[in-house]
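Here the structure is laid out as structure tokens; the discussion comes afterwards.
Number of protein chains: 2
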Amino acid sequence: MLPDRKQMILKAIIENYIASAEPVGSKTLMGSFDRPLSSATIRNEMSELEEMGLLEKQHVSSGRVPSNLAYRLYVDRLMDSYRMAAMELERMRREMENKLNEMDSLLLAASKVVSMITDQTTVVLASDSSDERVRKIELIPMDAEGLTYALVMVCDNTVRNKVLRLRAPVRSESAALLTGFINMSIREDRLQDLPGLLAGSFGENSPEALLAAEVISFISEGGSEKTGYEMYLEGAARLLRNREYQDAEKAGELLEHMADPESVRALVTKGLPGQINIRIGPENEDPKMADASLVFTSYELGNGGHGVIGVVAPKRMDYAKVSAQLSAFVKMLGAIDKNNDKGTGGL
Amino acid sequence: MLPDRKQMILKAIIENYIASAEPVGSKTLMGSFDRPLSSATIRNEMSELEEMGLLEKQHVSSGRVPSNLAYRLYVDRLMDSYRMAAMELERMRREMENKLNEMDSLLLAASKVVSMITDQTTVVLASDSSDERVRKIELIPMDAEGLTYALVMVCDNTVRNKVLRLRAPVRSESAALLTGFINMSIREDRLQDLPGLLAGSFGENSPEALLAAEVISFISEGGSEKTGYEMYLEGAARLLRNREYQDAEKAGELLEHMADPESVRALVTKGLPGQINIRIGPENEDPKMADASLVFTSYELGNGGHGVIGVVAPKRMDYAKVSAQLSAFVKMLGAIDKNNDKGTGGL
DNA sequence: TGTTAGCACTCGAAGAGAGAGAGTGCTAAA
DNA sequence: TTTAGCACTCTCTCTCTTCGAGTGCTAACA
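Right, dumping it as structure tokens:
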């Protein structure tokens, strides 16, 4: 077991190094403790810690850096547990929900494939989908007790589903009745009147009414789901292979720029739909793109979904090859979608 | 319009530069043409091309580099169109299908959120899912003609769906009958006998039999879908912000390593399930990870899906914070899934 | 015995200077 | 019009030097 003061000093060194990424010298630490300690004292402790294999020097007169062993000790015994603020937790939960709503696996797959094929960094931007109307719903019981139902929502071109877990059971006959009511309301476009309509047949807070409420909320979510833009950036590592981006700072800047949906959207507006657009360096307007080129094209899915898919690379990219690959891919994208709707959430 | 020879030289310069990323000198080009040209001749042409704003020098005696204008000219008129080989197209199509099968939007969302929250690069690895059994299916007509059906597959904890577009119409009554047959076969686990069973009620190549075949193929696909591992790497750009990875080559190497599912799988085996695992530098065994640490934990979804989610960062990462964030997130992940199944494909 | 001030020493980072080499423009000859 | 020859320019690389942060050691002090 390490004496208290050594422990304290080691901890300070590790935390300082975590924050600053610079080797820690004895002077730097002077102010970090309750009791004032001279740099010489700290130096003595440090050299002992080094003998114990907890600190390392990169050369004779550099500051000290924690050894692997020290990190291990820190992780196992020294570090204070970090408490996540309620706010932070809440933000996490919200983010998760948003992301889940946005996810669209066809487009993600598209970005992965294009990035692989072209061996370049790829971006996909999906415009908010066409205003598909809900056509009908279906409730399929998933257990014998009537506590779990699969809600299936049929839209013009899409099918989505959700598993509903209820507090109180609803018999499958009631569910069928409910389905009928709801589908009628949908047909007549009077969903807002539904609660009143149901009040007659079921109780105010009956399990059926609660189920109906869940269904309605899913429907209205589905209708106005895609307010924003979804975006996927794939193959970031490939950008780093180009000598133009051997400067990691420059590369990071560009990548972060391309990871921001708003920036990408700004870049691809004014692109001509249905053909390959090539933006060379400063043609991109955004100064961060001055040394990069963007080859992109619009895509149309069978069901009205549309957006933009493109490749970012240094100006000296192989335009001919990338253009051909992109246009072939987009053609395929249209074809694949027609018989491959997996209920991905909102295609 | 540019004279032929100038055009030829310009094209050669651009293509050479695209391939080599080095400024192109007159000597380099000497062998590139049908007719032999001396370097001096080429130099003369080059200096004229420079006057026209098509070439640039970085300094008085460097080779030439294409200007933005030159790229534009190249893209518009000079470049040969690239033909994709049939093989390449086929590979693209296959990749797309594989990727689509693997996609799992909950996990993708998870990786995005964790990467954002921790502000680090994040990896999610999903083990192949538990062997969920198909419980029943449902066919919901989507149009009046009977050409489009939504196929809904209810498993133990999951619901998946697919839109089937038929060549020949099937009446909804027949579909209902078919559904009954299929569900019976599923209950008795005699799906292989189904074709024979149907032959009695419907014709050998009747629309109904074709529909049944599609349903069966979807079911069996669903059963053995996840043979491999799915993986998502998010926030690669964040790694570049650390001074440890200012060397783009090193960063690229690590990122490509982390983008390979097999490597990641090797890294996280031996992790203790249900708790935060911290691997510091060489503890990761793989030499490519010697300077990086991995903080990871296993997750369990409500429905039996499970896998690993983790954060990669330099050894001096904030272990306390990241650990707390990860464990809070995993807890949330379990909770969210219970009432938020969107039919994402195989959770 | 533990702590501190002082000092010589070490080594990397940053800057200056020299030499090599690649590529140019210009001139004159073919 | 093309080519060979040559002086010139500028970067790249290597070496050398200086500067400074940080150390270890010694001796004085509490």
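Quick note, the sequences are listed as chains A and B, same order.
Residues in the first sequence are numbered from 2 upward in steps of one, following my numbering.
Residues in the second sequence are numbered from 2 upward in steps of one, following my numbering.
Backbone N, C-alpha and C define an ideal beta-carbon position, used for all residues, glycine too.
Query	Result
Can you name the start and end residues of the alpha helix (DSSP H) that Arg202/A belongs to?	The amino acid at residue 202/A is misidentified as Arg; the sequence shows Ser. First-last of the alpha helix (DSSP H) with Ser202/A: Leu195 to Ser202.
Can you pull the DSSP bridge partners for Met154/A?	Ile138/A and Arg161/A
Could you tell me which residues DSSP pairs with Met232/A in its beta bridges?	Leu126/A
Round the Cβ separation of Leu50/A and Lys7/A to the nearest angstrom and send it over; I've been treating them as touching at under 8 Å.	6 Å
Using beta carbons (cut-off 8 Å, strictly below), is Gly206/B in contact with chain A?	Going by the sequence as given, residue 206/B is Asn instead of Gly. Not closer than 8 Å to any Cβ of chain A, the Cβ of Asn206/B fails to qualify, so no.
On the three-state DSSP scale, how would you describe Asp1/A?	Coverage of chain A is limited to positions 2 through 348, which leaves residue 1/A absent and any answer about it impossible.
How close, in whole Å, do the beta carbons of Val90/B and Tyr233/B come, if the pair is a contact with beta carbons under 8 Å?	First, the residue type needs correcting, since residue 90/B is Leu and not Val in the sequence shown. Between Tyr233/B and Leu90/B the Cβ distance is about 26 Å, and since that is not below 8 Å, they are no contact.
Can at least three beta-carbon pairs, one atom from the stretch 136-153 of chain B and one from the stretch 191-199 of chain B, be found at a separation below 8 Å?	no
By Cβ distance below 7 Å, which residues in the same chain neighbour Gly236/A in space, the five residues on each side in sequence not counted?	Ser116, Gln121, Thr122 and Thr123
With a 10 Å radius around its C-beta and 16 neighbouring C-beta atoms as the bar for buried, classify Thr270/A as buried or exposed.	exposed
Using C-beta distances below 7 Å, list every residue in its chain close to Gly272/B, excluding the 5 sequence neighbours before and after it, in chain order.	Asn278, Phe297, Ser299 and Val309
Closer than 7 Å between beta carbons: that is the criterion. Which residues of the stretch 160-180 of chain A meet it against chain B?	Val160, Arg161, Asn162, Lys163, Val164 and Arg166
My guess is that Lys100/B and Val114/A are in contact by the Cβ rule of under 8 Å, so how many angstroms apart are they, rounded?	6 Å
In terms of residues, what are the limits of the alpha helix (DSSP H) holding Ile43/B?	Ser40 to Glu52
Which residues mark the beginning and the end of the beta strand (DSSP E) in which Leu295/B is found?	Ala293 to Glu301
Please name the residue, chosen from Leu70/A, Ile220/A and Pro283/A, that lies closest to Lys137/A on a Cα-to-Cα basis.	Ile220/A
Using the DSSP secondary-structure output, state which residues sit across from Val312/B in a beta bridge.	Thr123/B and Val296/B
Hey, how far is the Cα of Asp248/A from the Cα of Ser264/A?	22 Å
Can you list, in chain order, the residues of its chain whose CB lies under 8 Å from that of Glu257/A, leaving out five sequence neighbours each side?	none
In whole angstroms, what separates the C-alpha of Asp338/B from that of Arg95/A?	Residue placement at Asp338/B is poorly supported in this model, since its pLDDT is 47, which falls under 50; the coordinates are not used for a value here.
Classify Leu3/B as helix, strand or coil using the three-state DSSP reduction.	coil
For Ser324/A, I'd like the list of residues in its chain whose CB is within less than 8 Å of its CB, leaving aside the five on either flank, ordered along the chain.	Ile277, Ile279 and Val296
Please report whether the beta-carbon of Ala237/A lies at a distance below 8 Å from any beta-carbon of chain B.	yes
Mark Lys28/A as exposed unless 16 or more other C-beta atoms lie within 10 angstroms of its C-beta, in which case mark it buried.	exposed
What ranges does the beta strand (DSSP E) occupy inside the stretch 254-283 of chain A, keeping only unbroken runs of at least 3 residues that lie completely in it?	278-281
For Met53/A, go through chain B and note every residue whose CB falls closer than 8 Å to its CB, in chain order.	Simply none; closest approach about 17 Å.
Excluding the five sequence neighbours on either side, which residues of its own chain have a C-beta within less than 8 Å of the C-beta of Leu327/B, listed in chain order?	Val115, Thr119, Ile277, Val296, Phe297, Thr298, Ile310, Gly311 and Val312
Hey, would you say Gln59/B sits closer than 8 Å to Pro37/B, going by beta carbons?	no
Between the beta-carbon of Tyr83/B and the beta-carbon of Val76/A, is there less than 8 Å?	no
Nearest-angstrom Cα distance between Ser48/B and Leu79/B?	20 Å
Would you report the Cα separation of Ala145/A and Ala214/A, rounded to the nearest angstrom?	22 Å
I think Leu212/B touches Leu167/B, with their Cβ atoms under 8 Å apart; what is that distance to the nearest whole Å?	6 Å
For the beta strand (DSSP E) that Arg73/A lies in, which residues bound it at each end?	Counting along the chain, Arg73/A falls outside any beta strand (DSSP E), though it belongs to the alpha helix (DSSP H) covering Asn69 to Leu74.
Taking 8 Å as the CB-CB limit, is Lys113/A close to chain B?	yes
Going straight from the alpha carbon of Ala293/B to that of Gly335/B, what length do you get?	28 Å
Use the C-beta contact count for Met2/B: other C-beta atoms within 10 angstroms, 16 or more gives buried, fewer gives exposed.	exposed
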